[in-house]
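Visitor:
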Amino acid sequence: MADDLFTPDMTTIIVCTTCRRGEEPAEPKDQRSGAKLFADLESVAKGRANIRVQPVECLLNCNHGCNIALRADGKWSYHFGDLDPAEQVANILALADIHHAAPDGEVPWGKRPELIKRKAVSRIPPLTPARTTA
Ligand code: FES
């Protein structure tokens with residue numbers, strides 16, 4: 085199944101499972117906010133043909149947990165941070181649906197759910213074929 089992780093037909097929500105919020109303890113690791121966010125997203129996305137949830141340890145924005153990224157082959161990628169798992173699961177899914185529906189993956193500001201609008205960290209353009217020199 086690894087071959088179809090990043091295709092235009094599926095948006096992958098990458099979730100940092102090691103993120104913590106505030107003074108949250110480091111142990112046990114599976115009780116961190118990032119791990120809970122991953123479990124909640126995986127549960128609600130189960131059975132969705134257009135969305136996949138992928139765990140990862142660290143997206144290099146540790147002081148602003150929780151963090152997720154949206155990716156698909158040939159589309160813009162987005163990174164969001166400072167996400168409270170208790171209030172953002174539905175918003176993250178809504179973002180993933182917008183990302184999936186857009187041919188280029190653009191998630192316009194005006195279409196983002198209100199609570200997550202100001203949580204964008206970065207966006208990265210799709211890869212284009214490498215330039216060749218004559
Ligand atoms: S621990 Fe989540 S971004 Fe580093």
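Quick note on the numbering used here: the sequence shown kicks off at 85 and runs consecutively.
Note that CB positions come from ideal geometry on N, CA and C, so glycine has one too.
Does the separation of the CB atoms of Pro197 and Asn175 fall below 8 Å?
Guide: Cβ atoms of Pro197 and Asn175: closer than 8 Å.
Visitor: Please classify Val140: does DSSP put it in a helix, a strand, or coil?
Guide: DSSP places Val140 in strand when its eight states are reduced to three.
Visitor: Are Ile98 and Ala180 close, meaning C-beta to C-beta below 8 Å?
Guide: No, Cβ-Cβ distance for Ile98 and Ala180 is not below 8 Å.
Visitor: Would DSSP call Ala180 helix, strand or coil?
Guide: Note: Ala180 maps to helix in three-state DSSP.
Visitor: Nearest CA to the CA of Thr212: which residue from Ser206, Asp157 and His184?
Guide: Of the listed residues, the one whose Cα sits closest to Thr212 is Asp157.
Visitor: Helix, strand or coil for Leu211, going by three-state DSSP, please let me know.
Guide: Correct three-state label for Leu211: coil.
Visitor: Give the straight-line distance between the Cα atoms of Thr102 and Arg136, rounded to the nearest whole angstrom.
Guide: Those two C-alpha atoms are separated by around 19 Å.
Visitor: Since Cys100 sits in a beta bridge, which residues does DSSP pair it with?
Guide: Paired residues: Val140.
Visitor: Do the region 126-134 and the region 102-111 make contact, defined as three or more Cβ pairs closer than 8 Å?
Guide: Output reads no: the region 102-111 does not touch the region 126-134.
Visitor: Can you tell me which residues form a DSSP beta bridge with Thr216?
Guide: Beta-bridge pairing links Thr216 to no other residue.
Visitor: Is it buried or exposed for Asp93, if we count other Cβ within 10 angstroms and need 16 for buried?
Guide: It counts as exposed.
Visitor: Reducing DSSP to helix, strand and coil, say where Arg202 ends up.
Guide: The answer is helix: DSSP assigns Arg202 an H, G or I state.
Visitor: In angstroms, rounded to a whole number, what distance separates the CA positions of Ala186 and Ala204?
Guide: Roughly 18 Å separates the two Cα atoms.
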